[in-house]
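Chains as they are written, first to last, in numbering that gives the first Met the number 0: chain A, 0 to 404; chain B, 0 to 404. Virtual Cβ for every residue (Gly too), placed ideally from N, Cα, C. Values in this document were obtained by computation on a predicted structure and should not be read as measured data.
2 protein chains.
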Amino acid sequence: MSVLQIGAGGVGWVIAHKCALHNDVFGDITLASRTISKCEKIITSIKGRNNLKDTTKKISAVAVNADDLNALVKLINEVKPDLLINAGPPWVNVNIMEACVLTKTAYLDTSVATDLCSPGQQVPEAYDPQWAFAERFKEAGITGILSTGCDPGVVSVFATYAHKHLFDEIDSIDVMDVNAGDHGQKFATNFDPETNLLEIQGDSFYFENQQWKSVPCHSRMMEFDFPVVGPQKVYSMAHDEVRSLAEYIPAKRIEFWMGFSDSYLNYFNMLRDLGLLSPKPITTAEGITVKPLQVLKAILPDPTSLASGYTGKTCIGTWIRGQKDGLPKSVFIYNICDHKESYIEVEHQAISYTTGVPAITAALLYFQGKWNDVGLFNVEQLNPDDFLALMPSVGLTWQVQELDA
Amino acid sequence: MSVLQIGAGGVGWVIAHKCALHNDVFGDITLASRTISKCEKIITSIKGRNNLKDTTKKISAVAVNADDLNALVKLINEVKPDLLINAGPPWVNVNIMEACVLTKTAYLDTSVATDLCSPGQQVPEAYDPQWAFAERFKEAGITGILSTGCDPGVVSVFATYAHKHLFDEIDSIDVMDVNAGDHGQKFATNFDPETNLLEIQGDSFYFENQQWKSVPCHSRMMEFDFPVVGPQKVYSMAHDEVRSLAEYIPAKRIEFWMGFSDSYLNYFNMLRDLGLLSPKPITTAEGITVKPLQVLKAILPDPTSLASGYTGKTCIGTWIRGQKDGLPKSVFIYNICDHKESYIEVEHQAISYTTGVPAITAALLYFQGKWNDVGLFNVEQLNPDDFLALMPSVGLTWQVQELDA
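Take a look at the structure:
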């Protein structure tokens, strides 16, 4: 057995650690990234944490440019993995899926190929570039599993579980993502500032009465009393899983909400109003042409530098309201994850941890022959019970909270 | 008669208009700047407003690089002005003074040669580069008048007047500068963003009990009930006139205070905390090296673009407390200036207007033979009565408000 992982950012970091912790199942692990030193650093961390479960299995680093299809095909043919785990940035998804079809290799990723804010790449079109592969995955006789992180990912498994077991009819699905942690910086992003600050400027899309509705970012807000981390303000935002939930789970309204502190929004709004979040180049009086967003990225803290000092917890879950047995019902299904505990285990913070653990849960299900049908799947199409039974042993527990209906 | 004006920014704009409105006294006017088009634009504005009082006198534009001493000397020898008015940026002051000594030409400026925030250029050293010329101005037989704007400038004349007429002993001199106007922008600076945002980051220096004391910017605040514009928060700040007042007016404490709105300080603090106010170059992931402050300058509104939409008023004055005839006394001597009225008259806002009018008042006193002794002077050394009698007719009124002592 062997796996090939592409991508060595924060999520890739956790996926690699968790792969290594289950290498009795996964076999040899190959880590590939444009920058090989990032892979080597992860391997050093895995060995330093004694996270290579079966030390007779190999773990190795290789360099690959995922924008280069030929290079990808060549690498896959050399490694001959049983599963390719894609932990790269959104824009490499399509190329990697193409390489998997050409080499007949099973595929798994953690988020969509679109940027969720540019024309043609917003929520209603979020899965178009990847769903276009459906027939070709079938013809190639391979399995593809899309968006197996936390959100998208686990939150859709929660909704699927609720649809299967807890509700006769669903009125609303609200995916809720709150990071109540503290990294000690006045303003910083938890992943690449350029990707993050661009994404959260996009209009929010929610699905209501079979139609897409769009509102400017941060214009729809509610306060929700989260378990453990308490009341938090959350804002309607564009997010991948609203599209796949709308496709597979019948509900009158489906929406994604993310928590932002007043301080974060104050910085964000000021930076946006001044034009410092713009990806359009400006030219200084000295004749230097540069994108303000790239300048901001250069001066903000490196997201990977935040993990060691992170304290507090994340709470990510799915709030489902509807009817069961003729009575109104409201449940919140969620996970709580602690930044410091994540760091102790895999040397990274909870935001990457909550994305990496579900991806490895899905990968284990594939190897166990449970999530391995031929074809291309979103998690809403797969058995939630298998997933939710396994995930706690991989690292994330989950709870169902009954709310006043 | 003739004058040579160097500098064609906002203050230069108003000085040129006011020169033209008094060209029966000043004679021919030559406007010089590195960028000749800026001078030509001012001349078009002067003619458009019918502000050339004596149309038989000439007004002309020339290009000069004020960093080039030889070019300055050559220009002065060609124009042979009776007075050189320096409205350029701080760093050209010393060069222009040198050229005036070499050509035996009378000199007048509106602010110091230092940046007030770098080591060796802070308030205690504010006048060192210019005061070093004192003996040479005497030997050359010429007059030099330093810092004849509003603050520095008028506010010191107010203090000198109070010292001469209203007080036997002075406890404190607080220079108070509030712009209660609205330019309609979320965040903008009223003059060059690079100069302004660097300057206001500097530590504040105040003079107390014959000693310099220093505190971080914005760390000393008070609320003051200003005439006309009402209560405003003002913050202790580094400013030129604290140095000259400390030299020439005996007082137990001398300090400068500037008004900042909560919104302005919110933007300022966030930009500073993120590192966007830094003059130190950074390098982006794409390999572009640029100073964050210069990027900010490129995206902020051009200060000169603000004037046409500016509404509201400025209130700038000097609050003096002490004793007269054995009784405690407290007075606020001030000017109120209206942005819109300034724009109607000279096509610029009140901040430039309040700097330009006093400079021309001083220049007129020089031509009237009242402020024309040989030597180098700060306004605290000159007769305040002459100045305050003339200034209203040039464009700025002043009032004395008695406060509860």
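Checklist entry - Got a sec, what are the start and stop residues for the alpha helix (DSSP H) W211(A) sits in? => result DSSP places W211(A) outside any alpha helix (DSSP H); the residue lies instead in the beta strand (DSSP E), whose first and last residues are 210-214.
Q: For A60(B), write down the residues that DSSP places opposite it in a beta bridge.
A: BP columns for A60(B) point to L30(B).
Next on the checklist: Please report the straight-line C-alpha distance between L273(A) and I298(B), rounded to a whole angstrom.
Outcome noted: Cα to Cα, L273(A) sits roughly 7 Å from I298(B).
Using CA atoms only, rank isn't needed, just tell me which of T104(B), S59(B), T288(B) is closest to E285(A). Closest option to E285(A), Cα to Cα, is T288(B).
Subject >> Option in A60(B), T34(B), W12(B), S36(B) with minimal Cα separation from D27(B) >> reply: Comparing Cα positions, the closest option is A60(B).
For a cutoff of 7 Å on Cβ pairs, would you count T303(A) as touching chain B? No, T303(A) does not count as interfacial toward chain B.
With a cut-off of 8 Å, do at least 3 Cβ pairs link the segment 370-390 of chain B to the segment 123-134 of chain B? The segment 370-390 of chain B, when compared against the segment 123-134 of chain B, does touch it at the 8 Å Cβ threshold.
- Whose Cβ in chain B lies nearer than 7 Å to the Cβ of P291(A)? For the C-beta of P291(A), the chain B residues within less than 7 Å are, from N- to C-terminus, V294, I298.
- Give the straight-line distance between the Cα atoms of Q210(B) and P123(B), rounded to the nearest whole angstrom. Those two C-alpha atoms are separated by around 10 Å.
Can you find a C-beta in chain A that's less than 7 Å from the C-beta of G445(B)?
Nothing about residue 445(B) can be reported from this structure: the residues present for chain B run from 0 to 404 only.
Quiz item: Would T54(B) count as contacting chain A if we go by Cβ distances under 7 Å?
Solution: Contacts with chain A at 7 Å (Cβ-Cβ) do not include T54(B).
*Just the C-alpha distance for W12(B) and H347(B), rounded to the nearest angstrom, thanks.*
Going by the C-alpha atoms only, they are around 8 Å apart.
Span of the beta strand (DSSP E) holding K406(B)?
-> For residue 406(B) there is no data in the structure shown, the boundaries of chain B being 0 and 404.
- Just mark V393(B) as buried or exposed, buried being the case when its beta carbon has 16 or more other beta carbons within 10 Å. The residue in question, V393(B), is buried, as its Cβ has 16 or more Cβ neighbours within 10 Å.
For P291(A), count the other beta carbons within 10 Å of its own beta carbon; 16 or more makes it buried, fewer makes it exposed. Which is it?
Counting every other CB atom within 10 Å of its CB across the protein chains shown gives P291(A) a total of 16 or more, marking it as buried.
> Is the Cβ-Cβ distance between A15(B) and T147(B) less than 7 Å?
Replying inline: Going by C-beta atoms, A15(B) is not nearer than 7 Å to T147(B).
*Residue-chain proximity (Y263(B), chain A), Cβ-Cβ < 7 Å*: No, no contact with chain A.
For this session: Output yes if chain A places a C-beta closer than 7 Å to the C-beta of K279(B); else output no.
Result: Using a Cβ-Cβ cut-off of 7 Å, K279(B) does not count as an interface residue toward chain A, since no Cβ of chain A sits closer than that to its own.
Where do the N-terminal and C-terminal ends of the alpha helix (DSSP H) with N382(A) fall, by residue? Secondary structure note for N382(A): it is in no alpha helix (DSSP H), with a DSSP letter that is neither H nor E.
Measuring only the C-alpha atoms, how far is L155(B) from E344(B)?
For clarity, residue 155(B) is Ser in the given sequence; the question names Leu instead. When the Cα atoms are used, S155(B) and E344(B) turn out to be separated by approximately 26 Å.
- With 16 as the cutoff for other CB atoms within 10 Å, does E193(A) come out buried or exposed? Around the C-beta of E193(A), 16 or more other C-beta atoms lie within 10 Å, and the residue is accordingly described as buried.
Beta carbons nearer than 7 Å to chain B: which residues of the segment 31-55 of chain A have them? Those residues of the segment 31-55 of chain A that come within reach of chain B (Cβ to Cβ, closer than 7 Å) do not exist; the list is empty.
query: How would you list, in chain order, the residues of chain B whose beta-carbon sits under 7 Å from the beta-carbon of F186(A)?
result: The contacting residues are L273.
* C-alpha gap between I144(B) and Q322(B), whole angstroms -> C-alpha separation (whole angstroms): 30 Å.
Exposed or buried, P383(A), counting other C-beta atoms within 10 Å across all chains shown (16 or more means buried)?
-> Around the beta carbon of P383(A), 16 or more other beta carbons sit within 10 angstroms, so the residue counts as buried.
9 Å Cβ cut-off: residues of chain A touching A284(B):
Here the neighbours are E193, Q293, K296, A297.
What separation, rounded to the nearest whole angstrom, lies between the Cα atoms of L389(B) and C18(B)?
For L389(B) and C18(B), the gap between their C-alpha atoms comes out near 15 Å.
Requested in this report: Could you please tell me which residues of the segment 197-208 of chain B, in chain order, have their CB closer than 7 Å to any CB of chain A?
Outcome: Answer set for the segment 197-208 of chain B: empty.
Practice item. Pull up the distance between the alpha-carbon of M220(B) and that of V233(B), whole angstroms please. Key: Looking at the two C-alpha atoms, the distance is approximately 6 Å.
key: At least three beta-carbon pairs within less than 8 Å, the segment 32-44 of chain B to the segment 62-69 of chain B   = Contact between the segment 32-44 of chain B and the segment 62-69 of chain B is present: three or more C-beta pairs spanning the two stretches fall below 8 Å.
Determine the burial state of A98(B): buried for a count of at least 16 other Cβ atoms within 10 Å of its Cβ, exposed for fewer. Buried, since its Cβ has 16 or more Cβ neighbours within 10 Å.
**Q.** Own chain partners of L101(B) with C-beta closer than 6 Å, once the 5 adjacent residues on each side are dropped
**A.** Leaving aside the five residues that flank L101(B) on each side, the residues in its chain whose CB is nearer than 6 Å to its CB run, in chain order, V72.
Y333(B) at chain A interface by Cβ criterion, 7 Å: Contact with chain A is absent for Y333(B), since none of that chain's Cβ atoms lies less than 7 Å from the residue's Cβ.
Report the three-state DSSP secondary structure of W12(B) (helix, strand or coil). Three-state DSSP puts W12(B) in a helix.
Stretch-stretch touch, CB-based, cutoff 8 Å, three pairs: the segment 105-124 of chain B with the segment 39-59 of chain B = Too few Cβ pairs lie closer than 8 Å, so no.
By the criterion of Cβ-Cβ separation under 7 Å, what are the contact partners of Y266(A) in chain B?
Here the neighbours are M269.
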